Amino acid sequence: MFSSIKWKFIVVYFLLVFIAMVIVGIFIIRRLESQQIANITNTTEQRIETILRSSSYLAEDDWLSVQEGIQETVNEWRLGSNETLYVIYGDEVPTIIATTSRNSQKIIGQNALSSKLDPTLILKAYDGEKASRIIVDPNENTRENHLAYPAFTGVGKVKGVIYMVTDLENVYITVNESRRILTNATLIALLITVFLGYLIASSITEPIRDVTKKAEEMARGNFDQFVEVRSDDEIGQLASMFNHLTLKLKETIQEMDLERSKLDTIFSYMAEGVIAVDTNGKMIHANPIALEILNSKNIKVNNDTIFPLELINIEGIDYSDETTLKGERNLEIDSQVFKVKYAPFKNEKNDIGGLIIVFQDMTKEHKLDNIRKEFVANVSHELKTPITTIKSYTETLMDTGIDDEISMKFLTVINNECDRMARLVRDLLQLSNLDYQKTIWKKEEVSLPHLLKDVLLKLEFAIKEKEQELILDIDETLPNIVIDKDAVERAIINIISNSIKYTNDKGKIKVSLKKKDNSVSVIVEDNGIGIPKEDQKRIFERFYRVEKGRSRDLGGTGLGLSIAKEIIEAHGGEITLESEFGEGTTVEIKLPLNVIQT
18 MFSSIKWKFI VVYFLLVFIA MVIVGIFIIR RLESQQIANI TNTTEQRIET
68 ILRSSSYLAE DDWLSVQEGI QETVNEWRLG SNETLYVIYG DEVPTIIATT
118 SRNSQKIIGQ NALSSKLDPT LILKAYDGEK ASRIIVDPNE NTRENHLAYP
168 AFTGVGKVKG VIYMVTDLEN VYITVNESRR ILTNATLIAL LITVFLGYLI
218 ASSITEPIRD VTKKAEEMAR GNFDQFVEVR SDDEIGQLAS MFNHLTLKLK
268 ETIQEMDLER SKLDTIFSYM AEGVIAVDTN GKMIHANPIA LEILNSKNIK
318 VNNDTIFPLE LINIEGIDYS DETTLKGERN LEIDSQVFKV KYAPFKNEKN
368 DIGGLIIVFQ DMTKEHKLDN IRKEFVANVS HELKTPITTI KSYTETLMDT
418 GIDDEISMKF LTVINNECDR MARLVRDLLQ LSNLDYQKTI WKKEEVSLPH
468 LLKDVLLKLE FAIKEKEQEL ILDIDETLPN IVIDKDAVER AIINIISNSI
518 KYTNDKGKIK VSLKKKDNSV SVIVEDNGIG IPKEDQKRIF ERFYRVEKGR
568 SRDLGGTGLG LSIAKEIIEA HGGEITLESE FGEGTTVEIK LPLNVIQT
């Protein structure tokens, strides 16, 4: 019950009023009690002073000589029924010489210090001070106000003491009655407080409870909830804001439903298969195309099983290393070929939630690529023989010593074009062999520093012809590696030749040979014309040229980089390229030592 804000409000309100009433009651009662006693003390002093002034017997210095007159005086004086007067005389032994007490005969003549009177008050009075005190007798259940008043002689010496005892029963009756009235008033105030607190708390909590119920309904999916606005205060503003939130939420959900419907339609009818898996490896979504692909692979999965990524050629996934979460693989299922691309998706906190995997059907492209490769291989083989025959006859004619200058010129052109076509056919045949893995690698132990120097020696004439500056940074301590010397040499020649070809006269070319981690790198840097950003992704494609006209003017088949890439990758390495258009290009050839080192 007390977990409700209503009861908390009532209890707090109750305690505040209760504490306030208690504090006020204690203050009033104590103040009333002290004020009553002070009034009685003042009244008693005034009566004693009046008695002293009006009695001729008390004006005498020797009270013993007029003791009977003093007794008659106090008897005649009208005191209250709750008051008793004592006249005390004597320097050495204060003695009661007159009193209004009923037991006056027993009391008169007694030592005042040994009677029921307070000796400390009497002694103070003999010292010339007025003194009063409230004395409580627990045995008789009485409270009395005792006052000792000194009487002086004409020369200012204390001659005696007037001692007045006042019973305070009426005072405490009044105080107790006041306490009872305040207690009743407190109880009534608390009842009214609880009632008003309940009304006020209800006016606050009822709208809040209404909002809570409506929010619960919204949590269950029922968004047609509106709260009645009953006031213009903060509670009313809360209700208005809730209604506004409901409208906005309905609009947002409608928009989300529309977008989700669009996405579901696109997702279901897109040509590519799409799968989503979470970080635990469980499949959380798949479109019909993806399910069809998985069924053809005999992969049976549901939301409770781990999706076998290795069956679709995805391995090495580490969700703590984001670099392992992006990539693409080729997957062949029966007669179909798919390109499998994958990338991570993230939640609203930018934490990785899992992988999105896309199956792109590349069957037609794969078939076309195979047809192209077969066509190139067949044409290359068919062209090789006629080109060789043409070149042979041309050389024979040239060797016979034809005197006709025009005929010799034409034969020279035919011979040069035959050489060019022969190089093209040779490159095509080599690529064809690499495609069909028919290349026989003649691997041997090779010193890369020596190999690189042989390459530069072969290209020395071309470098000097363009007056280019060659900078070498070769690590002579590199270990020998086992490679196909001729193939790797050709790949390096193709890279450096391109650098020479596309670097202006008097330009700079730097060739480095270094060990990096578990690989050895040949790095070729130049300050040539560079490659535009949009062309860098396609630079290793066959026959691709950045500047078609200029590239043809500079010669070449357009296959050099493709052949170099195929050769290096066949040796377990890789070629990377970085370039800034107009500033230069850097090409790095990496050969892994941990794969090919003897």
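Residue numbers (the working numbering): 18 to 615. Don't be surprised by glycine CBs; every beta carbon is placed ideally from N, CA and C. This one's a predicted model, so the numbers in the text were calculated from it and none came from an experiment.
Residue-chain proximity (residue i, chain D), Cβ-Cβ < 9 Å
| i | result |
| --- | --- |
| M258 | Protein chains in the displayed structure number just one, and chain D is not present. |
Three-state class that DSSP yields for residue i in the structure shown
| i | result |
| --- | --- |
| Q84 | helix |
| M379 | coil |
| N128 | strand |
| K502 | helix |
| G547 | coil |
| Q553 | helix |
| F259 | helix |
| K384 | helix |
| D91 | The question names Asp, but residue 91 is Val in the sequence shown. DSSP places V91 in helix when its eight states are reduced to three. |
| I457 | coil |
| T137 | helix |
| L476 | coil |
| T183 | strand |
| R119 | coil |
| L96 | coil |
| T101 | strand |
| M287 | coil |
| P609 | strand |
| G42 | helix |
| K525 | strand |
Cβ pair residue i, residue j closer than 9 Å
| i | j | result |
| --- | --- | --- |
| N544 | E600 | yes |
| A581 | I480 | no |
| V430 | V463 | no |
| T112 | Q127 | yes |
| D227 | E245 | yes |
| I139 | Y106 | no |
| K607 | V537 | yes |
| I510 | K475 | yes |
| K141 | A165 | yes |
| L578 | I556 | yes |
| V502 | L468 | Correcting the residue identity first, residue 502 is Lys in this sequence and not Val. For K502 and L468, yes; Cβs fall inside 9 Å. |
| K525 | E486 | yes |
| Y336 | T380 | no |
| N521 | K483 | yes |
Cβ neighbours of residue i in the same chain (closer than 8 Å, five flanking residues each side left out)
| i | result |
| --- | --- |
| A360 | L342, K343, L372 and I373 |
| N330 | R346, N347, L348 and V357 |
| V192 | I46, L49, E50 and Q53 |
For residue j and residue i, the rounded distance between their alpha carbons
| i | j | result |
| --- | --- | --- |
| I221 | K267 | 27 Å |
| S596 | I407 | 41 Å |
| P549 | F598 | 5 Å |
| S278 | E272 | 10 Å |
| E146 | V34 | 46 Å |
| A311 | K554 | Sequence check: residue 311 is Leu here, not Ala. Distance between the alpha carbons of L311 and K554 is about 32 Å. |
| S568 | M300 | Caution is warranted here: a pLDDT of 46 is assigned to S568, below 50, making its placement in the model unreliable, and the coordinate value is therefore given only provisionally. Looking at the two C-alpha atoms, the distance is approximately 50 Å. |
| S285 | N304 | 5 Å |
| D378 | L280 | 21 Å |
| E289 | I283 | 10 Å |
| W80 | S195 | 45 Å |
| K470 | M425 | 39 Å |
| I36 | I225 | 29 Å |
| L96 | H163 | 15 Å |
| E558 | V375 | 24 Å |
| I92 | S149 | The question names Ile, yet the displayed sequence has Asn at residue 92. The alpha-carbon atoms of N92 and S149 are separated by roughly 23 Å. |
| N239 | L264 | 12 Å |
| E605 | I491 | 14 Å |
| G42 | R197 | 10 Å |
| L262 | V354 | 51 Å |
Contacting residues, own chain, Cβ-Cβ under 7 Å from residue i (five flanking each side not counted)
| i | result |
| --- | --- |
| K23 | A218, S219 and T222 |
| M38 | T203 and A206 |
| G566 | For G566, the predicted model reports a pLDDT of 43, less than 50, meaning its position is unreliable and no value from the coordinates is stated. |
| L130 | P111, P136 and I139 |
Close beta carbons around residue i, own chain, < 6 Å, minus the five adjacent residues each side
| i | result |
| --- | --- |
| A508 | A581, I584 and I585 |
| F324 | V294, G298, M300 and V318 |
| M235 | Q242 |
query: With contact counted as at least three CB pairs below 8 Å, one residue from each stretch, are the segment 92 to 104 and the segment 112 to 132 in contact?
result: yes
task: Evaluate contact between the segment 494 to 512 and the segment 529 to 537, counting only Cβ atoms and requiring at least three cross-stretch pairs below 8 Å.
output: yes
message: Three Cβ pairs or more, each shorter than 8 Å: is that satisfied between the segment 200 to 209 and the segment 170 to 184?
response: no
task: Examine the Cβ distances between the segment 69 to 87 and the segment 202 to 217 and report whether three or more of them are shorter than 8 Å.
output: no
message: When you compare the segment 56 to 68 with the segment 182 to 199, are there three or more beta-carbon pairs, one atom per stretch, that lie closer than 8 Å?
response: yes
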